[in-house]
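In what follows, a single structure is set out as structure tokens and then discussed.
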């Protein structure tokens, strides 16, 4: 089955700096890669996604890149704000089955 | 659009009792619903997948007789934790997918505490 590795597990940045979270996956059949933000005590919220036929996607301060050959994808958050502090999960989808990475706890210090 | 609700948001029950958690897709028809469990500081682990009108498919290691899943309509799935024990205490999250099938929308989760 699919295996998704996510790094780093924790990330602390100063407000205004950029944050980068990286994931690798194992199943070349995976073709959809969503990123979720989870705040304490809440369910995951989709923040951006990318399909396998696209190399990069951007939505305001958030961008995702995908390298299918290397089987890795990354989340980039620019101009971080304290409200960006949360746990972020990457995921890879094969068919309709999601496999999550282990999560990254992002702390943005004001 | 694509809103999923869960009820209750939290529940405390005594060991040996059963608890039912509801998951509803509010503005779309969910052909497939998923149930996840999340322990503190860990990732989401898929428990089972259910399609409307069919029996659920359980992941390896998940007891189907303990975690009863019913997906009776395109907007409602229920998870019943039977004979709950303290080790069943966890955060249970459902998700739903419709069209396209690869997009999953998550509910807000249910915190279960078994005393």
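Protein chains in written order, with this note's numbering: chain A, 10 to 119; chain B, 1131 to 1245. For glycine and all other residues, C-beta sits at the position ideal for the given N, C-alpha and C. Here the structure is a predicted model, which means the values were calculated and not measured.
Give every residue of the same chain whose Cβ lies closer than 8 Å to the Cβ of residue i, excluding the five residues on either side of it in the sequence, and list them in chain order.
i: residue 1233 of chain B; result: 1132, 1227
In this structure, how does DSSP classify residue i when only helix, strand and coil are distinguished?
i: residue 58 of chain A; result: strand
i: residue 1217 of chain B; result: helix
i: residue 93 of chain A; result: helix
i: residue 1236 of chain B; result: strand
i: residue 1157 of chain B; result: coil
i: residue 1132 of chain B; result: coil
i: residue 1147 of chain B; result: coil
i: residue 14 of chain A; result: strand
i: residue 1229 of chain B; result: coil
i: residue 23 of chain A; result: strand
i: residue 1244 of chain B; result: strand
Enumerate in chain order the residues of its own chain whose CB-to-CB distance from residue i is below 6 Å, with the five nearest sequence positions on each side excluded.
i: residue 63 of chain A; result: none
i: residue 135 of chain A; result: The structure shown has nothing for residue 135 of chain A, since chain A only spans 10 to 119.
i: residue 1196 of chain B; result: 1212
Just reading off the beta strand (DSSP E) that residue i is part of, what are its end residues?
i: residue 1202 of chain B; result: 1197–1203
i: residue 107 of chain A; result: 106–109
i: residue 43 of chain A; result: 41–47
i: residue 68 of chain A; result: 65–68
i: residue 118 of chain A; result: 113–118
i: residue 1164 of chain B; result: 1162–1168
Tell me which residues share the same chain as residue i and place their Cβ nearer than 7 Å to its Cβ, disregarding the 5 neighbours each side in the sequence.
i: residue 1136 of chain B; result: 1151, 1152, 1153, 1224, 1237, 1238, 1239, 1240
Mind listing the chain D neighbours of residue i? Cutoff is C-beta to C-beta under 7 Å, in chain order.
i: residue 102 of chain A; result: Here chain D cannot be found, since the structure's protein chains are A and B.
Query - Interface positions of the segment 49–68 of chain A facing chain B (Cβ-Cβ less than 9 Å), listed along the chain - result: Listed by position along the chain: 50, 51, 52, 53, 54, 55, 58, 60.
Query - Members of the segment 1225–1239 of chain B that neighbour chain A once the beta carbon cut-off is set at 9 Å - result: Of all residues in the segment 1225–1239 of chain B, 1225, 1227, 1230, 1231, 1232, 1233, 1234, 1235, 1236, 1237, 1238, 1239 have a Cβ within less than 9 Å of some Cβ in chain A.
**Report entry** Cβ-based contacts, 7 Å cut-off: residues of the segment 1164–1188 of chain B near chain A
**Finding:** Answer in chain order: 1173, 1174.
Query - Under 7 Å (Cβ pairs) to chain B, residues found in the segment 81–109 of chain A - result: Correct list: 98, 102, 105, 107, 109.
Query - Short-range partners of chain B found in the segment 27–47 of chain A, where Cβ spacing is below 9 Å - result: In summary, the residues of the segment 27–47 of chain A whose CB is separated from some CB of chain B by less than 9 Å are 40, 41, 43, 45, 47, in the order they occur in the chain.
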